[in-house]
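Participant:
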Amino acid sequence: MDRRLSTARVPAPSKSLLVRSQTGDFDHNRWLFETRGTYGIGNAYWPQDSSAYADDEDGGVGSDPVKMEDLVDKPWKPLSRKVPIPPGILSPYRLLVLVRFISLFLFLIWRATNPNLDALWLWGISIVCEFWFAFSWLLDQMPKLNPINRAVDLSALREKFESPTPSNPTGRSDLPGLDVFISTADPYKEPPLTTANSLLSILGTEYPVEKLFVYISDDGGALLTFEAMAEACEFAKVWVPFCRKHSIEPRNPDAYFNQKGDPTKGKKRPDFVKDRRWIKREYDEFKVRINGLADLIRRRANAMNARERKIARDKAAAASSDAPVADASTVKATWMADGTHWPGTWLDSAPDHAKGDHASIVQVMIKNPHYDVVHGDAGSHPYLDFTGVDVRIPMFVYLSREKRPGYDHNKKAGAMNAMVRASAILSNGPFMLNFDCDHYIFNCMAIREAMCYMLDRGGDRICYIQFPQRFEGIDPSDRYANHNTVFFDGNMRALDGLQGPMYVGTGCLFRRYAIYGFNPPRTNEYRGIYGQRFGKSKMFIETIAVAEYQGRPLQDHPSVQNGRPPGALLMPRPPLDAATVAESVAMISCWYEDGTEWGQRVGWIYGSVTEDVVTGYRMHNRGWRSVYCITRRDAFRGTAPINLTDRLHQVLRWATGSVEIFFSKNNALLASQRLKFLQRLSYLNVGIYPFTSLFLIMYCLLPALSLFSGQFIVATLDPTFLCYLLLITITLMLLCLLEVKWSGIGLEEWWRNEQFWVIGGTSAHLAAVLQGLLKVIAGIEISFTLTAKAAAEDDDDPFAELYLVKWTSLFIPPLAVIGINIIALVVGVSRAVYAEIPQYSKLLGGGFFSFWVLAHYYPFAKGLMGRRGRTPTLVYVWAGLISITVSLLWITISPPDDRITQGGVDV
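Residues in the sequence shown are numbered from 1 upward in steps of one, following full-length UniProt numbering.
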C-alpha cells in the first residue's frame, strides 16, 4: 500500500546532485529519470510494469494487479440538469417585485385615505377595482419568483439505454414502452387529412419501433375516420422508411412538403431527389383519396342499400309476401369496404348506430412489429431503395368507445380514460403521450428529451412532462395573441421552478402509475381495494405493477432510489391474441366505470370542461412533480383559431372551466399540505382570474363616467398621485423588460397579450362567470360545440379566416365599452370648449385613461372592420354623427356652469 501511494520505488540520490548548475532550481525531469520514479497509477498515466502495484503483501486485498481498465470507465452522467437564470437578471427582477408591491401598498393606503368628496361614488368604484387588481397581480406575480431553464443530455441517454453493456451485449434498446394517444370526435369539424398527417408524424418519430404504440380515439365512431386511418397506415409503409432513410424533419408530410427553403440542404444520399419526387406524387394521390372518402362512403352506402332492397323485393316476390319489404326499405345502413355493416355511427342514424348510441370498436390496424430490426433490400419496393433502412412500423390501434343513451360519457376525459384502460391491456406502456388530432410531432427527438427527465435520478417522482404548445397558421401580427407566448414561455417556465407546470391539454407525456391515482414513491400509499378502484378486470389490475416497474429509472448509481436493473426491458413482447383484444373491447364499454373511481381519483378527472388542469392539479396535490420541457426545435406544433369569434369561444371554454374549479372541491384553498405554497397560489389564480372581469369592465367604463360627470377618481391631479402612478408604471415596465430577458418573449407579444387580456376579460371571462354562477345556483349544465379545425381556404390570402366576422353575443360588452368611451371623449371635449372656465385637469385625466382603454381594444375593432381597405365609409360617418349628436344633447341637458368644486366647496 505504501508503494502505491509513493512516486518513487528506489532510493533517491542526494538532492545536491539534482540541482541545476545555473539556476539552482530542483531538476524534476532528471530526478524522474535517475530514480526511475513514477507518477503512480491512474487514467492520466499508467506505468508499464503495473504488476508491482498488486496487493500481494502487507495484508493486501489480493494478488490481482490493479489494471488501467478499472479506472478508465466512463463516469456516471445525469440525463438532465437545471440551468439557473443568471443572478444579474433574477435578483433585480425579485427586487422590482418587492418595490412594486410596496409601492402598490402605499398607493392604495393613500387612495383610501384621500377620497374625492365631490364624487364619492366614482372614488368608491375605482378604489374597489384597484384593490382587486393589486390582489390579482400578486397572485399572478408570486409564482414567477423562481423561473428556471433545463437541459438534457441525449448522448447520455443513448449510452445508458442503447449501447452495448455487460447486461446488454447487443446494444438493444432498454427504453420503456410508450403509448401515444390521439383524440378526435367529428371528422367534419376535424378533417381526417389533418388527423392522418398527425398519425404519420407519430409513426415516424425517433423512438424504438417495438416500444412505440399508437392509439386513436374516435369519439364519433365515424367510418370516415376509420377508413382515413386505414389509408394512412398503408401510406406509412413508404413514408416512414423514407423519413428514416433521409432523416426527414418534420415527419408530417403536409408540413414537410409545404415548408420553404431548399429541400436538398443537408441531404447526402444521391437518390434523395428521386425519392422525394416519387413520395411527393404518392402523397398527392393519398390526399385525393382521403378527401374523396366522404363521397365514396356515401355512394357505397347508397349502392349497397339499393342492392339490399332489391334482394328483399326479390325474396318477397318469390315468397308472395310483402311484409319483409317494408322492413328492409326502412334500413339505410353504412357499409364498410368488405361489404359488412359498420358497427359505429351510420350516415343515416338508426338504433345502435347513432351518435351517442353505438358499440365499442377496437381494431388493430398495424400489429406489434417484430422485435428485431427488419432491414429493407433493393427489391422490396419497385421505386424506392430501402437497403439498410428499418422498415418496421409501430403498432397502431383504432378505438371507439361504446356509447348508449342514459350514460354520462364525460366528453374528452371519458374518451381518454377509455384509451388508458384499453392500452393497458394491449401494450401497457409505462408512459403515455396525448395529442389533439391537429397537433403533430415537429421534432422527432422530443420524446427522447422527455425520457431524459423521467428516467433520470429522482425521475420516479415526476408525474408528467408538459411541452409548450406552438401553433402554425397564425397571422404575422398575432392579432389575438394566439401564440400565447406570455403564458407558455413566461408563466409555465416560472412554475417549473416550483412544483412544476400545469397540464394544459395536449403535448404532455404522463407516467401511467401517476394517472392511476397513486402517490409518488417514498410517501404513504393508497389503502383502497384495487377491484373497487379500477374495475373488475383482473388482466388490467395485473398490468399496474408491471407499468410501475418498467417506468422506474435505471439503477446504475448508488444515489438512484427505486430503480430497475439495466437490461430488464430487453425481452420481446408476446404477440396479441383474441382474448387480449376481447378484454380491451370490454374495457371501453360504457358500463365498465360503474362503481369505480375512474374520473374521480383515477385517470382524467370528470366534472369540468378543463379536465386537463384538474387532472394535473390532483397529481400535484398528491405530491407529484412535473417538468416543463422546452426544446431548441419546437417539439410539437398544431393549429389555433385565428378568427375573433372562434378565439373568444375558446377563451370562454377555458374561463368557464376555471369558474367550475373555483366552486368545486378542486379549489386550491382546499389542497393538501403536499402542494407547495407558491404552487397553491398559481392554482388559486386559475380559479379566480375570470372574476377579474367584473372589476375590469367597471374600470374600463370609469374614464367615460369621469368625462360624462366632469369629475375624476381623485379630487385633483395631486403630485403624490402622479408620483405613485409613475412609480407603479415604471416598475411594471422594468418587470416586463426583465421577463422578456429570462423568458425570451418579445415586447410586441407582451403588448398583444395585454390587449387580448382586456378584450377577453370584458367579453368571454364575463360570460364565463355568469355561466358558472348559473351552473352552481340553478344547476344549468354548460355545453360547448367542438371548435372547427379546418380554416377557410383562399389562394390569394392564407389568413382569409382572420377577416371573417361571425356575430356572437360576446361582442356586445366590448362594443359597449368602445362606444361609450368614444362618446364620452366627445362630450368631455365639448364641455371643455363650451365652458367659461374649462377644467382641463379633469379632462386630461379622464381623456388619457379613455384613450388607454381604447388602445387595448384596437385589435377587436380591427377584427370587426374586416379586410384592410374594405371598411365601409358609412361606419365612420355614422360614428361621427352619433358622437356629435349625443354630445350636443348632453350639453343641452346638462350645460356647464362657471363654478369650480373642490373638496365639496364651490370656488
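Glycine residues also receive a C-beta, built at the ideal position from the N, C-alpha and C atoms. These numbers were taken from a predicted model, which means no experiment stands behind them.
So if DSSP puts M395 in a beta bridge, which residue, or which two residues, is it bridged to?
Facilitator: Answer is F213.
Participant: If D460 sits next to N621, beta carbons under 8 Å apart, how far is it from one beta carbon to the other, in whole angstroms?
Facilitator: So it is not a contact: roughly 18 Å between Cβ atoms.
Participant: With distances taken Cα to Cα, identify the nearest neighbour of D174 among V829, M451, L145 and P263.
Facilitator: If we check each option's Cα against that of D174, M451 comes out closest.
Participant: Helix, strand or coil, according to DSSP, for residue 936 in the structure here?
Facilitator: Outside the shown range of the chain (1 to 907) lies residue 936, about which nothing can therefore be said.
Participant: Taking the beta strand (DSSP E) that G638 falls in, what are its first and last residues?
Facilitator: Here the beta strand (DSSP E) through G638 covers F636 to T639.
Participant: Hey, would you say Y724 sits closer than 8 Å to F107, going by beta carbons?
Facilitator: Going by C-beta atoms, Y724 is nearer than 8 Å to F107.
Participant: Quick one: measure Cβ to Cβ for S155 and S183, integer angstroms, because I've assumed they're closer than 8 Å.
Facilitator: The pair is not a contact, with the Cβ atoms about 34 Å apart (cut-off 8 Å).
Participant: Would you check if the distance between the CB atom of I745 and the CB atom of D475 is smaller than 8 Å?
Facilitator: Not closer than 8 Å, so no.
Participant: Taking only the alpha-carbon atoms, compute the straight-line gap between D254 and R479 and give it to the nearest angstrom.
Facilitator: About 25 Å.
Participant: Is the number of C-beta pairs between the segment 691-708 and the segment 116-136 that are closer than 8 Å three or more?
Facilitator: Taking 8 Å as the limit for Cβ pairs, the verdict is that the segment 116-136 does touch the segment 691-708.
Participant: Express the C-alpha separation of S559 and S167 in angstroms, rounding to a whole number.
Facilitator: Near 20 Å, if we compare the C-alpha coordinates of S559 and S167.
Participant: From the DSSP secondary-structure annotation, give me the bridge partner or partners of S80.
Facilitator: Looking at the DSSP assignment, S80 forms a beta bridge with V152.
Participant: I'd like the list of long-range same chain contacts for E285, defined as Cβ closer than 7 Å, with 5 residues on each side in sequence excluded.
Facilitator: Result list for E285: empty, nothing under 7 Å.
Participant: Return helix, strand or coil for R552, following the three-state DSSP convention.
Facilitator: Three-state DSSP puts R552 in coil, outside helix and strand.
Participant: So, with DSSP's three-state summary, where would you put R601?
Facilitator: Note: R601 maps to coil in three-state DSSP.
Participant: Among E231, K189 and S743, which one has its Cα closest to the Cα of P468?
Facilitator: P468 has its Cα closest to that of S743, out of E231, K189 and S743.
Participant: Just the Cα atoms here: how many angstroms apart are R251 and H439?
Facilitator: Roughly 12 Å between the two C-alpha positions.
Participant: Just to confirm my understanding: we take G761, look at its own chain, exclude 5 residues before and 5 after, and list those with CB closer than 7 Å. What are they?
Facilitator: Result list for G761: T692, S693 and L696, in chain order.
Participant: For the beta strand (DSSP E) containing T184, list its first residue and its last residue.
Facilitator: Element bounds for T184: L178 to T184.
Participant: According to the Cβ coordinates, are V776 and F663 closer than 8 Å?
Facilitator: Their beta carbons are under 8 Å apart, which means V776 touches F663 by this criterion.
Participant: Nearest-angstrom Cα distance between M454 and I127?
Facilitator: So the alpha carbons of these two residues sit roughly 48 Å apart.
Participant: Could you give the DSSP three-state label for L569: helix, strand or coil?
Facilitator: Three-state result, L569: coil.
Participant: Cα separation between R111 and V602?
Facilitator: In a straight line, the C-alpha of R111 is about 50 Å away from that of V602.
Participant: Could you check whether the segment 301-319 touches the segment 261-279, counting it as contact only if at least three pairs of C-beta atoms, one from each stretch, sit closer than 8 Å?
Facilitator: Verdict: no, contact absent.
Participant: Using 8 Å as the threshold, is the C-beta distance between T340 and N434 below it?
Facilitator: No, they are not a contact pair.
Participant: What are the uninterrupted segments assigned as alpha helix (DSSP H) that are 4 or more residues long and contained completely in the segment 474-507, given in chain order?
Facilitator: Complete alpha helix (DSSP H) runs here, min 4: 492-495.
Participant: Just to confirm the assignment, what range does the alpha helix (DSSP H) spanning N410 have?
Facilitator: Note, N410: premise wrong, no alpha helix (DSSP H); not H, not E.
Participant: For the segment 403-418 and the segment 231-244, state whether three or more C-beta atom pairs, one from each stretch, are separated by less than 8 Å.
Facilitator: With a cut-off of 8 Å, the segment 231-244 and the segment 403-418 do not count as touching, because too few Cβ pairs lie within range.
Participant: For R625, which residues does DSSP report across the bridge?
Facilitator: DSSP, once it has assigned bridges, lists I462 as partnering R625.
Participant: Mind listing, in chain order, the continuous alpha helix (DSSP H) runs of no fewer than 4 residues lying wholly within the segment 212-289?
Facilitator: Within the segment 212-289, the complete alpha helix (DSSP H) runs of at least 4 residues are 223-246 and 253-258.
Participant: Helix, strand or coil for A354? Go by DSSP, reduced to three states.
Facilitator: The answer is strand: DSSP assigns A354 an E or B state.
Participant: Check whether the Cβ atoms of G687 and I661 sit closer than 8 Å, and answer yes or no.
Facilitator: In contact: G687 and I661 (Cβ atoms closer than 8 Å).
Participant: Quick one: what's got a C-beta closer than 6 Å to V373's C-beta in the same chain, skipping five residues either side?
Facilitator: For V373, where only same-chain residues beyond five positions count, the Cβ hits under 6 Å are D390.
Participant: Identify the residues that DSSP records as bridge partners of D341: which are they?
Facilitator: Here residue 341 turns out to be His, not Asp, going by the sequence shown. DSSP output for H341 lists W335 as bridge partner(s).
Participant: For E542, is the classification buried or exposed, using 16 other Cβ atoms within 10 angstroms of its Cβ as the cut-off for buried?
Facilitator: Burial call: exposed.
Participant: G221: buried (16+ other C-beta within 10 angstroms of its C-beta) or exposed?
Facilitator: Looking at its Cβ environment, which holds 16 or more other Cβ atoms inside 10 Å, G221 is buried.
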